[in-house]
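Novice: Take any residue in the sequence shown, count from 1 to its spot, add 1: that is its number in our numbering. My questions will all concern the structure given below.
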Amino acid sequence: MEMPWIFLKLDPYLIWLYRITGYAWVDFFFGTLVLAFIAVIIGEFTISLLFLAIRNHIDRINAEVDRYYQLSIEALKAGDKETYRSVNKLGNDAFGKSFFLQLGLSAARLWPVFIPLAWMQHRFAGVEFPIPLTSISLGYMGVFILLYIGAFLAFKRIKRRLPYFRRIQEILDSYKKDRDRLKNSSNPEAMGITASPLPTQSRD
Numbered sequence: 002m003e004m005p006w007i008f009l010k011l012d013p014y015l016i017w018l019y020r021i022t023g024y025a026w027v028d029f030f031f032g033t034l035v036l037a038f039i040a041v042i043i044g045e046f047t048i049s050l051l052f053l054a055i056r057n058h059i060d061r062i063n064a065e066v067d068r069y070y071q072l073s074i075e076a077l078k079a080g081d082k083e084t085y086r087s088v089n090k091l092g093n094d095a096f097g098k099s100f101f102l103q104l105g106l107s108a109a110r111l112w113p114v115f116i117p118l119a120w121m122q123h124r125f126a127g128v129e130f131p132i133p134l135t136s137i138s139l140g141y142m143g144v145f146i147l148l149y150i151g152a153f154l155a156f157k158r159i160k161r162r163l164p165y166f167r168r169i170q171e172i173l174d175s176y177k178k179d180r181d182r183l184k185n186s187s188n189p190e191a192m193g194i195t196a197s198p199l200p201t202q203s204r205d
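Rendered as structure tokens:
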């Protein structure tokens, strides 16, 4: 199968990563690890750009969540359970929008994975690495995924030392703290809040 033109342009540079030591297995794992790290970094950079682009929208949703939260607590303190339930439901809906929006951002880190995998399909489609003491072998995709996970975990440990990524991560952490606070606050007893008794109708 012929390579797409974009891979033909990239191929001389990418394949160079697989010819550094002259030992096939070492070169394969080294080259794949480098591609995995590049995919991780591009993915993290993509998330940061998307986050900055829609941050105002996220802030509006979070402000809406916080407003409903305050209203629900006021209603609960006043003993108005019906209003509390209604406002709390609206707050949970807004919280869900915020949560899934940030979940979608997290998923954006995966798109760079498909580019090296597509190139590797043309170069290493028949390569298999047997796992010792088993009858199982890993192809290029399995090796890449394992190395990608390792690269992701390694980058996660060092990215706070990089000024740009540290700033983005601190902002994301603040959103996570707010999300956890509002999630925990959905249980009034956990917040130490006791509702005032509701007035009862006279049965005279």
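For glycine and all other residues, C-beta sits at the position ideal for the given N, C-alpha and C.
In the DSSP assignment, find the unbroken alpha helix (DSSP H) run with residue 87 in it and report its ends.
Specialist: Translated into positions along the sequence shown, residue 87 becomes position 86. It spans 82-108 - the alpha helix (DSSP H) in which residue 87 sits, taken as one unbroken run.
Novice: Below 6 Å CB to CB, which residues in the same chain sit around residue 41 once its five sequence neighbours on both sides are set aside?
Specialist: Counting from 1 along the sequence shown, the entry for residue 41 is found at position 40. Around residue 41: 152, 153, 156.
Novice: Can you check whether the C-beta of residue 119 is within less than 7 Å of a C-beta belonging to chain D?
Specialist: In the displayed structure, chain D is absent; only one protein chain is listed.
Novice: Can we say the segment 100-120 touches the segment 36-56, given the rule of at least three CB pairs closer than 8 Å?
Specialist: Judged by Cβ distances under 8 Å, the segment 100-120 makes contact with the segment 36-56, as three or more pairs qualify.
Novice: Specify whether the segment 57-64 and the segment 134-152 touch according to this definition: at least 3 beta carbon pairs, one from each stretch, less than 8 Å apart.
Specialist: No, because fewer than three Cβ pairs between the segment 57-64 and the segment 134-152 fall closer than 8 Å, the two stretches do not touch.
Novice: Can you tell which of 96, 169, 43 has the C-alpha that lies nearest to the C-alpha of residue 116?
Specialist: Walking along the sequence shown from the start, residue 116 turns up at place 115. The option with the nearest alpha carbon to residue 116 is 43.
Novice: Beta carbon of residue 99, beta carbon of residue 62: below 7 Å?
Specialist: Against the sequence shown, residue 99 aligns to sequence position 98. Against the sequence shown, residue 62 aligns to sequence position 61. Against a cut-off of 7 Å, the Cβ pair of residue 62 and residue 99 comes out as a contact.
Novice: Closer than 7 Å by C-beta to residue 94: which residues in its own chain qualify, once you throw out the five before and the five after it? Chain order, please.
Specialist: For the purposes of this step, residue 94 is taken as the residue at position 93 of the sequence shown. Cβ within range, chain order: n/a, list empty.
Novice: State the beta-bridge partners of residue 139 as determined by DSSP.
Specialist: For this step, residue 139 is matched to residue 138 along the sequence shown. Bridge partners of residue 139: 130.
Novice: Near residue 8, what residues of its chain come up, given a Cβ to Cβ distance below 6 Å and the 5 sequence neighbours on each side ignored?
Specialist: For the purposes of this step, residue 8 is taken as the residue at position 7 of the sequence shown. Answer for residue 8: 120, listed in chain order.
Novice: From residue 37 to residue 149, what distance separates their C-alpha atoms?
Specialist: Residue 37 sits at position 36 when you count from the first residue of the sequence shown. Residue 149 sits at position 148 when you count from the first residue of the sequence shown. Their Cα atoms are separated by approximately 5 Å.
Novice: Put residue 173 into one of helix, strand or coil per three-state DSSP.
Specialist: Reading the sequence shown from its first residue, position 172 is the one you call residue 173. Residue 173 falls in the helix class under three-state DSSP.
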